[in-house]
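First residue of the sequence shown: 108, per the working numbering; consecutive thereafter.
First comes the structure, then the notes that go with it.
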Amino acid sequence: MAQGDQGPVFDPAPVGAGLAGAGTKQWNALTVLVDRNRFVRRRRASLLSWIRRQIRMIRRSRKSIYRSLQFWNHDAMAEHQEDAAKSRIYEALLQATPDLLYVFDIQHRFVYANQALLTMWGMRWEDACGKTCLELGYEPWHAAMHDEEIEQVIATGQPVRGEVPFPHTTKGLRIYDYIFTPVFGPDGKVEAIAGATRDITEHKQHEQHLQLLINELNHRVKNSLVMVQSLARQSFTNAGGLADAQEKLDARLLALSRAHDTLTRENWVSADILELTRDAAALYESHDSQRFTLQGDSCRLDPRRALALSMALHELCTNALKHGALSLPAGNVLVSWERSTRGEQELLELIWRETGGPPVQPPTRKGFGTRLLERGLKHDLKGDVELSFDPAGVCFRVSIPLPPEHAEARP
């Protein structure tokens, strides 16, 4: 036996020879009890090196230890360097990730926190080490919730997952998804709780926005189907025949489609009245002359008002083409609009005026177009509607109350 820097060192050769010379029966009774590897740092010639110590206990029987052997392996420096390199890599990854990574001991105290978590807290590790959630300033309900979850992990050995809001030092209130998972010791018991937390604020906002879009889409589809049903019923009820009904329905559906296109380009947030009137006029403009004059500044309407106004403009255009100013080459239509104020309510005043057409006479009966203008539009726009059949040309006026968000959006 030789005396080493860290303790006794056994020479395995004599022991091995003695064991080899023993009888077969005796040799078979010898079993390895422990095989333990351990790195030990020792100082030699003013240099630090790492060696591996192996301890083996050999027994003859369950109660009798035959001999213990301790071997020194002086070639462990490379393994130590490799382990140190791995540790540096792991630490770099832990510090680089934007996720919050941490470890609790079984007393619910933080024993590790990566840089992302320290940044969220606005703390240094020296100020957070060994403290519980409550001691770090968590709200009592929040700290109590995590205490219960940690105890659950310890008791069951199973992970726990949840979501919770928490104020970030620089980003304000954020939503976090987290998981606590057990760390088992050699005895199979939970010796620590590792945690990972991810900021899912943008993801939750996206989910809410998506749900809002789905709800809005369902609402719009239902409204569109109701409108199509109404257009079809009125087109066939007042038509002179099947061909006439089909022509009216096709034209009205086309107008509805163009209004939808305008709103879709604006993500169904709002539509500009200038674009709505241009789209309506474009269907009825002559190739050789300009029949429409549009006067007014940009003004945005919400989807419901935009659709209602678009359908009203289509009915006015259709009536002007068949019976009014657009039925004669010299006829023209002036569409003008401006903002006004009535009390505290801001309004959009729109006027449709026809000139140069045949003399106008009041209709003997009110068809779908007239009812749409006088009743449906008033209901959809929540405003005042006036339709007059002056001999010089049809005049249509509508006052549209503007919601606050659109009333403030002046050019």
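Positions of the beta carbon are idealized from the N, C-alpha and C atoms, including for glycine.
In this text the structure is predicted, and so the values were computed from the model without any measurement.
{"Query": "Close Cβ partners of residue 232 (< 7 Å) along its chain, the five nearest in sequence each way excluded", "Result": "220 and 225"}
{"Query": "Among 290, 403 and 239, nearest to residue 447 - alpha-carbon criterion", "Result": "403"}
{"Query": "Endpoints, alpha helix (DSSP H) assigned at residue 424", "Result": "410-429"}
{"Query": "CA nearest to the CA of residue 489, picked from 498, 472, 507 and 450", "Result": "507"}
{"Query": "CA-to-CA distance, residue 487 to residue 378, given in whole angstroms", "Result": "16 Å"}
{"Query": "Given residue 213 as reference, the closest of 384, 196, 299 and 249 once Cα atoms are compared", "Result": "299"}
{"Query": "C-beta contact flag for residue 462 and residue 415 at 8 Å", "Result": "no"}
{"Query": "Exposed unless 16 or more other CB atoms sit within 10 angstroms - verdict on residue 422", "Result": "buried"}
{"Query": "First and last residue of the uninterrupted alpha helix (DSSP H) at residue 241", "Result": "Premise fails: residue 241 is in no alpha helix (DSSP H) and is neither H nor E."}
{"Query": "Straight-line Cα distance separating residue 263 from residue 244", "Result": "28 Å"}
{"Query": "Three-state secondary structure (DSSP) of residue 294", "Result": "coil"}
{"Query": "Other residues of its chain near residue 96: CB distance less than 6 Å, five sequence neighbours each side excluded", "Result": "One cannot answer for residue 96 here, as it falls past the ends of the chain, which runs 108 to 518."}
{"Query": "Pair within 8 Å by beta-carbon distance, residue 405 and residue 381", "Result": "yes"}
{"Query": "Assumed close pair residue 285, residue 268 - CB separation to whole angstroms, cut-off 8 Å", "Result": "7 Å"}
{"Query": "Three-state secondary structure assigned by DSSP to residue 381", "Result": "helix"}
{"Query": "C-beta atoms of residue 480 and residue 460 nearer than 8 Å", "Result": "no"}
{"Query": "Candidates 250, 499, 190 and 357, of which the one nearest residue 469 by Cα", "Result": "499"}
{"Query": "Residue burial classification, residue 145 (beta-carbon count within 10 angstroms, cutoff 16)", "Result": "With a pLDDT of 49 at residue 145, under the threshold of 50, the predicted position of this residue should be treated as unreliable, and no value is reported."}
{"Query": "Cross-strand partners of residue 502 (DSSP beta bridge)", "Result": "460 and 495"}
{"Query": "Span of the alpha helix (DSSP H) around residue 226", "Result": "222-228"}
{"Query": "Where the alpha helix (DSSP H) through residue 484 begins and ends", "Result": "484-488"}
{"Query": "CA nearest to the CA of residue 287, picked from 274, 303 and 273", "Result": "303"}
{"Query": "Helix, strand or coil at residue 308 [DSSP, three-state]", "Result": "helix"}
{"Query": "Three-state class that DSSP yields for residue 284 in the structure shown", "Result": "strand"}
{"Query": "Selection from 275, 290, 276 and 272 that minimises the alpha carbon distance to residue 257", "Result": "290"}
{"Query": "Length of the line joining the Cα atoms of residue 228 and residue 255", "Result": "22 Å"}
{"Query": "Contacting residues, own chain, Cβ-Cβ under 7 Å from residue 312 (five flanking each side not counted)", "Result": "none"}
{"Query": "DSSP beta-bridge partners of residue 453", "Result": "448"}
{"Query": "Reference residue 399; option with closest CA among 407, 385 and 412", "Result": "385"}
{"Query": "Proximity below 8 Å, CB of residue 190 to CB of residue 305", "Result": "no"}
{"Query": "Range covered by the alpha helix (DSSP H) that runs through residue 234", "Result": "232-235"}
{"Query": "Whole-angstrom distance between residue 281 and residue 251, CA atom to CA atom", "Result": "19 Å"}
{"Query": "Close Cβ partners of residue 435 (< 7 Å) along its chain, the five nearest in sequence each way excluded", "Result": "463, 464 and 465"}
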